Structure formats: C-alpha cells, structure tokens
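Worksheet: one structure, shown below.
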Amino acid sequence: MNFKKQVSVIHFGLILIISSCTSKSNNSTQLASEFSFGIIADCQFSDYPANGTREYAMSDDKLEECVTHLNTMDLEYTIHVGDFIDRNYESFDVVVPIYNKLKMPKYHVLGNHDFVVPGDKRSNVYKKMGMPSRYYEFKIKDWRFVVLDGNDISFHASNEGSKDYQFAENYYKTNKINSPKWNGAVGESQKNWLISVLENATKNQEKVILFCHFPVFPENVHNLWNADELVEIIENYDCVKAYINGHNHEGNFGYKKGVHYLTMKGMVETKETAYGIITLTDKYIQIAGYGREGNKKLQIK
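So the sequence shown is numbered by the numbering used here: it starts at 36 and just counts up by one.
As structure tokens, this is what we get:
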C-alpha cells in the first residue's frame with residue numbers, strides 16, 4: 036500500500052470512529068431524557084355493593100395488584116388523578132396504605148368523590164391523602180408537572196351553608212352553568228398561580244403536563260364548569276404538551292393546537308382493572324395501557 040492510500044484508509048477509519056461515538060452520544064442523551072411514570076384514575080373504593088358497572092368493593096384488590104405491578108417497573112413516580120374513594124372517610128384507611136406500598140414517589144389529584152365525607156373532615160382530605168396542598172407542582176428532568184384542583188369552586192368540597200358553598204351557588208347561577216353540580220371550577224387565585232407556573236416553565240424551557248380530575252376538552256358533560264377559561268390559558272403557552280385527567284370513566288381523547296387532552300379510564304368500572312404507564316421522550320408521549328386502558332403514542336410538537 037502506498038503512502039497516500041494508507042493515509043486515506045486511516046482518515047476514513049477516524050471518520051467512522053468519530054461518527055460512531057457521536058451516534059452513541061446522541062442516543063445516550065436521548066435515553067437520559069426519557070422516563071416513565073404510573074397513572075391511575077378513579078379507584079373510587081368503598082365497601083358499598085356494585086352499582087351498575089361500578090364495582091366499588093373490588094377497587095382495593097385492583098389497586099393492590101396495580102401497585103404490585105408498578106413496583107416491578109422503573110418509574111419516576113405514580114399519580115392517581117382523583118376520586119380515590121367513592122364515599123366515607125373510613126374508605127381512605129383501606130386504600131391509602133395500599134397506595135403507600137409504592138416504592139417510588141407518589142402523588143394525588145383531588146376528585147369530587149374524595150369530598151363525599153362528613154363536613155368536618157373535608158378540610159383534611161388532602162392531608163389524609165398525603166398531598167402537600169390542594170394544588171401544587173413538581174419537576175423531573177426537563178418536564179414540569181402541574182396538579183390542579185378542580186374542586187376550588189364546588190358543591191362537593193364545601194359544606195352547605197358555608198361561605199364557600201354560597202360562593203359556588205352564586206357562581207353557578209351567575210355564570211348560567213349548563214353542567215352537572217358534581218363538576219367544579221378552578222378559582223381565580225389558582226388560575227393566577229397556574230399562569231405564573233407556566234411563565235416560569237417557558238422561561239426555563241421546560242415542557243409541561245397538567246393533571247386535573249376534570250376534563251376540559253373535548254366538550255363533554257364531565258368537563259370543568261370553566262373549562263374554556265383553562266383551555267384559553269393553556270393555548271397561550273407552547274410549553275404545555277398535555278392535559279391528563281380522570282372523572283369520565285369511559286376515557287376520552289382530544290387534540291387541539293399542539294396539546295393532547297387525555298382522559299384515563301376509571302379503575303372502578305367493571306370487574307376488569309384500568310391503569311397505565313406513560314413514557315416521555317423528546318418526541319412522544321407513549322401510554323401503555325393495562326386492563327381496559329388502551330395504548331397510545333402521541334407526538335410532541
């Protein structure tokens with residue numbers, strides 16, 4: 036081999052090595068940014084007999100099986116998106132210890148049924164569930180997760196005759212709400228807080244997922260009373276990639292202006308379970324469903 040050919044071969048070899056290293060580096064970076072979390076909706080346990088397709092008294096066993104499975108997975112956290120119980124404060128004493136067996140950080144969203152407890156217990160519900168407050172945020176890698184409380188203005192979460200209940204009555208009447216009273220609304224203070232969180236997420240170049248018990252899109256009988264106001268806020272911020280909720284046990288899905296609106300199916304429905312594992316990548320939100328919950332692959336834009 037002459038000198039020029041030898042140099043050419045060495046040069047080509049170096050290019051291959053550099054290309055290989057760059058490819059491995061890019062793959063490592065992409066994998067490092069990926070992670071998964073568990074998600075459950077509407078466990079809705081109580082020791083009451085089944086009502087239609089709702090198998091309340093089976094939910095503790097379903098939750099136990101779900102927790103056992105999730106503990107075998109590599110998850111950053113698990114979140115339950117509301118209606119942990121159907122009724123009775125004592126129901127928490129059955130399902131909270133089961134949920135606490137999770138070997139990763141665990142979070143809750145407040146649902147309307149979580150407040151179907153004696154009036155003197157309602158203010159303590161979020162503490163009973165181990166929540167830091169009724170609405171809050173947390174961050175993992177370059178994702179910001181925002182937990183909303185759709186019971187801010189609510190008949191379920193306030194005691195009849197109280198100022199909060201009267202405010203809900205006036206709000207419902209004044210705004211001519213054409214939605215069942217078992218839904219609720221996000222109040223002004225919480226909306227302002229949400230805007231502040233989204234402003235900071237935008238500044239820090241974070242991607243955002245919102246969690247709430249109540250859906251906001253597409254149009255549905257289960258939606259928040261002020262769903263349109265929430266959608267308007269969401270559409271002002273490109274950082275929001277998804278809004279995930281429960282409440283409608285049948286599940287649902289919508290897509291609008293770059294945001295995926297995902298309703299998870301309720302665990303309480305039928306004798307079959309329902310929950311999922313969501314994996315976040317730079318390009319996709321992937322849902323692996325179990326039981327009645329389906330699989331989805333949603334592109335991030």
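Ideal Cβ positions, reconstructed from N, Cα and C, are used throughout, including at glycine. What you are looking at is a predicted structure, and each value in this text was computed from that prediction instead of being measured.
**Request:** Count the other CB atoms, across all protein chains shown, that sit within 10 Å of the CB of residue 188; report buried if there are 16 or more and exposed otherwise.
**Result:** By the neighbour-count criterion, in which a residue is buried when 16 or more other Cβ atoms sit within 10 angstroms of its Cβ, residue 188 is buried.
**Prompt:** For residue 186, which residues from the same chain have a beta carbon less than 7 angstroms from its beta carbon, with the 5 sequence-adjacent residues on both sides left out?
**Reply:** Within the same chain, Cβ atoms closer than 7 angstroms to the Cβ of residue 186 are found at 145, 147, 150, 192 and 219, the five residues on either side in sequence being excluded.
**Asked** Between the beta-carbon of residue 251 and the beta-carbon of residue 272, is there less than 9 angstroms?
**Response** Here residue 251 is not near residue 272, since their CB atoms are 9 angstroms or more apart.
**Item:** Proximity winner among 221, 98, 285 and 158, relative to residue 256 (alpha-carbon distances)
**Value:** Among 221, 98, 285 and 158, the Cα nearest to that of residue 256 is on 285.
**Prompt:** Roughly how many angstroms lie between the CA atoms of residue 154 and residue 69, to the nearest whole one?
**Reply:** Cα-Cα distance, rounded: 43 angstroms.
**Asked** So, helix, strand or coil for residue 4, using DSSP?
**Response** The question about residue 4 has no answer here: the residues shown for the chain are numbered 36 through 336.
**Prompt:** Since residue 314 sits in a beta bridge, which residues does DSSP pair it with?
**Reply:** Note: residue 314 sits in a beta bridge opposite 71 and 321.
**Item:** Ranges of the alpha helix (DSSP H) found wholly within the stretch 234-277, counting only runs of at least 4
**Value:** Listed in chain order, the complete alpha helix (DSSP H) runs (minimum 4 residues) inside the stretch 234-277 are 262-270.
**Request:** Please confirm whether residue 78 and residue 299 have their CB atoms less than 9 angstroms apart.
**Result:** No, they are not a contact pair.
**Terminal residues of the beta strand (DSSP E) in which residue 175 lies** = Where residue 175 is concerned, the enclosing beta strand (DSSP E) starts and stops at 171-175.
**Request:** Go to residue 334, then tell me how far its beta strand (DSSP E) extends in each direction, as first and last residue.
**Result:** Judged by DSSP secondary structure, residue 334 falls within the beta strand (DSSP E) whose first and last residues are 331-334.
**Asked** Between residue 97 and the rest of its own chain, which residues show a CB-CB distance below 7 angstroms, the 5 nearest in sequence each way excluded?
**Response** Answer for residue 97: 302 and 308, listed in chain order.
**Prompt:** What is the DSSP secondary structure of residue 326, reduced to helix, strand or coil?
**Reply:** In the structure shown, the three-state DSSP call for residue 326 is strand.
**Asked** How many Å lie between residue 232 and residue 222 at the Cα?
**Response** Going by the C-alpha atoms only, they are around 15 angstroms apart.
**Prompt:** Got a sec? Which residues, its chain only, sit under 6 angstroms from residue 326 by beta carbon, not counting five neighbours each side?
**Reply:** Within the same chain, and ignoring the five residues on either side of residue 326 in sequence, the residues whose Cβ sits closer than 6 angstroms to its Cβ are 307, 308 and 309.
**Request:** Report buried or exposed for residue 258, applying the criterion of at least 16 other Cβ atoms within 10 angstroms of its Cβ.
**Result:** By the 10 Å Cβ count, residue 258 comes out buried.
**Prompt:** Are the stretch 127-140 and the stretch 94-113 touching, with three or more C-beta to C-beta distances below 8 angstroms?
**Reply:** At 8 angstroms Cβ cutoff, the stretches touch.
**Own chain residues within Cβ distance below 7 angstroms of residue 274, not counting five before or after** = Taken in chain order, the residues that qualify are 233, 236, 237, 241, 242 and 243.
**Reduced DSSP secondary structure (H/G/I, E/B, other) of residue 309** = Here residue 309 sits in strand by DSSP.
**Prompt:** How about residue 110 and residue 165: do their beta carbons lie closer than 9 angstroms?
**Reply:** No; because the gap between Cβ atoms is not below 9 angstroms, this pair is not in contact.
**Message:** One question on the structure: do residue 113 and residue 132 come within less than 9 angstroms of each other, judged by their Cβ atoms?
**Reply:** Taking 9 angstroms as the Cβ cut-off, residue 113 and residue 132 do not qualify as a contacting pair.
**Own chain, CB closer than 6 angstroms to residue 253, minus 5 neighbours either side, in chain order** = Around residue 253: 289.
**Request:** Using the Cα positions of residue 329 and residue 313, report the straight-line distance between them to the nearest angstrom.
**Result:** When rounded, the distance between both Cα atoms is 11 angstroms.
**residue 203 versus residue 190 - alpha carbon distance** = If you draw a straight line from the Cα of residue 203 to the Cα of residue 190, it comes to about 6 angstroms.
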